[in-house]
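Note sheet for the following structure.
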Amino acid sequence: MLSNTLKAAAVVACTASAASAQTIVDIAAGDERFSTLVAAVTAADLVDTLKGEGPFTVYAPVNDAFAALPDGTVETLLEPENKEQLTNVLLYHVDDRNLPASGIPEGSNYFQPVLASERLCITKSADGVMIADGTGEMANVVIADIQADNGVIHVIDKVLLPGTRPDCH
2 MLSNTLKAAA VVACTASAAS AQTIVDIAAG DERFSTLVAA VTAADLVDTL KGEGPFTVYA
62 PVNDAFAALP DGTVETLLEP ENKEQLTNVL LYHVDDRNLP ASGIPEGSNY FQPVLASERL
122 CITKSADGVM IADGTGEMAN VVIADIQADN GVIHVIDKVL LPGTRPDCH
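Residue numbering for the sequence shown follows the numbering used here, beginning at 2 and increasing consecutively.
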């Protein structure tokens, strides 16, 4: 059923008229698989930003990706005193361009997220699209190109964490 919800959201987003346009936040809020991400975006006061004009590309981790973090990580990040750290983690998942999968070049390339001090290494191959973060671990794009009125969402299976610049070769 959740898969059908996501497909319905993608169809609505692709066919939306100006009167029923959906932002990246609207689409994420309408899919239960993104409830942790939506809670984090809300706690970081980024809802209005991501509902803005954009364009944005959001690498959106599903709830299972947040659940895979060490115990207590999500709860700690959601505490008000950790808002800056939470904001940095979330901005690491956002590119300030509309970057559909077709716009990602073949091979491994560095991309600068909105968290400008960091880099992601995005690899596109016949096997799909993978993203290396500051931990050196890889996230897989499991659903690409969910179109929103203000950009595009790529669903990923790991929370991207800033850190050491990933090796991109």
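Note that the Cβ used here is the ideal one computed from N, Cα and C, for glycine as well.
DSSP three-state assignment for residue i, whether helix, strand or coil
| i | result |
| --- | --- |
| residue 43 | helix |
| residue 121 | strand |
| residue 75 | helix |
| residue 49 | helix |
| residue 23 | coil |
| residue 65 | helix |
| residue 160 | coil |
| residue 90 | helix |
| residue 10 | Model confidence at residue 10 stands at a pLDDT of 41, short of 50, so the residue's coordinates are unreliable; what they give is reported in the following sentence. Helix. |
| residue 116 | coil |
| residue 170 | coil |
| residue 104 | helix |
| residue 37 | helix |
| residue 82 | helix |
Residue i and residue j closer than 8 Å at C-beta
| i | j | result |
| --- | --- | --- |
| residue 101 | residue 156 | no |
| residue 108 | residue 125 | yes |
| residue 177 | residue 147 | Given a span of 2 to 170 for the chain in the structure shown, any question on residue 177 remains unanswerable. |
| residue 162 | residue 90 | yes |
| residue 79 | residue 87 | yes |
| residue 209 | residue 143 | Residue 209 falls outside the range modelled here, since the chain spans only 2 to 170, and no answer is possible. |
| residue 66 | residue 158 | yes |
| residue 40 | residue 61 | no |
| residue 24 | residue 149 | yes |
| residue 169 | residue 99 | no |
| residue 26 | residue 48 | yes |
| residue 81 | residue 120 | no |
| residue 51 | residue 42 | yes |
8 Å contact criterion, which residue i and residue j should meet: CB distance rounded
| i | j | result |
| --- | --- | --- |
| residue 177 | residue 97 | No statement about residue 177 is possible, as the shown extent of the chain runs from 2 to 170 and does not include it. |
| residue 122 | residue 133 | 4 Å |
| residue 151 | residue 85 | No, residue 151 and residue 85 are not in contact; Cβ-Cβ is about 25 Å, not under 8 Å. |
For residue i: DSSP bridge partner residues
| i | result |
| --- | --- |
| residue 1 | No answer is possible for residue 1: it lies beyond the span of the chain, which begins at 2 and ends at 170. |
| residue 132 | 123 and 140 |
| residue 109 | 124 |
| residue 147 | 154 |
| residue 95 | 59 |
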